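What follows is a short report on a single structure.
In UniProt numbering, the protein residues as written are 1 to 200.
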C-alpha cells in the first residue's frame, strides 16, 4: 500500500501512527499540496490528504475512514474498542481532536494574510474554540497513565497526539496554559510511533 501525505499534516500523522502501531507495511509518498498536479489528485478529486492507495489500486481517503479501514484490515492489535460505549467514547475524542486540527489549520491560514486583511473576529473565535477543546483533552489525558509503555495506543490517544502535536507546531502559545497536556505529550515522544512521526 501507499500513503500520500505531507510531513506536517496532523490527519496524515494520525494514519501514520496507526500504521506503525499495527505494524502494517506501507510506503509513504510525500506530496506538495501547493502544486496543481500533485500525486494525490489522481486518487482524490478534492486533492486532500491523506490518501491510502490499496494494493488493488483503489483509494481510501479521509483520515477517519482510513483508520477504520486499517482496523478492519488488521483487527489485532485493536485501536478501537469493541465495547459499544467505549467505542463511542473513542470516536468522540477523535472528533474533538479533528475539530482542533480543522480550527487550528483555519487559524493558521488566516494568519498568513496581510495584517490589514485578517478577519480578527474569526481569529479570536478560532482561538477560543481550540483553547476550550484543549482543556477537554487535558482532562482526558489525566486518565491516561503510563500509556507510553502500553502494548498499543488507542484511537483517542493517537488522535490527541496528532492534534496537540499540530497545535504545538503552528500555535505553541495556545498550549502554555495546559502544562499537564504538554507533559503528557512530552512523555509520549518516547514511543517509537510518536517520535517517528514528529512533524518537521
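Virtual Cβ for every residue (Gly too), placed ideally from N, Cα, C.
Quick caveat, the model's predicted, so the values are computed rather than measured.
If you look at residue 60, you'll find it in the beta strand (DSSP E) that goes 59 to 61. At the C-beta level, residue 182 and residue 173 stay beyond 9 Å of one another. For residue 107, the enclosing alpha helix (DSSP H) covers residues 84 to 111.
Taking C-alpha positions only, residue 32 is separated from residue 10 by approximately 15 Å. The beta carbons of residue 103 and residue 130 sit closer together than 9 Å.
Taking the Cα of residue 177 as reference, the smallest distance to any Cα among 146, 187, 128 is reached at 128.
Counting along the chain, no beta strand (DSSP E) covers residue 142, and no H or E run does either. If you check the CB distance, residue 175 and residue 134 come in under 9 Å. Rounded to whole angstroms, residue 42 and residue 68 show a C-alpha spacing of 22 Å. With fewer than 16 neighbouring CB atoms inside 10 Å of its own CB, residue 73 falls in the exposed class.
For residue 198, the three-state secondary structure derived from DSSP is coil.
Counting other Cβ atoms within 10 Å of its Cβ, residue 189 stays below 16 and is therefore classed as exposed. Shown here for residue 187: same chain residues with a beta carbon closer than 7 Å to its own, the five before and five after excluded, namely 148 in chain order. Annotation: residue 93 to residue 154 spans about 11 Å, alpha carbon to alpha carbon. In this structure, residue 21 lies away from residue 108, with their beta-carbon atoms at least 9 Å apart. Assignment of residue 150 by DSSP, reduced to helix, strand and coil, places it in the coil class. Boundaries of the beta strand (DSSP E) around residue 3: 2 to 5.
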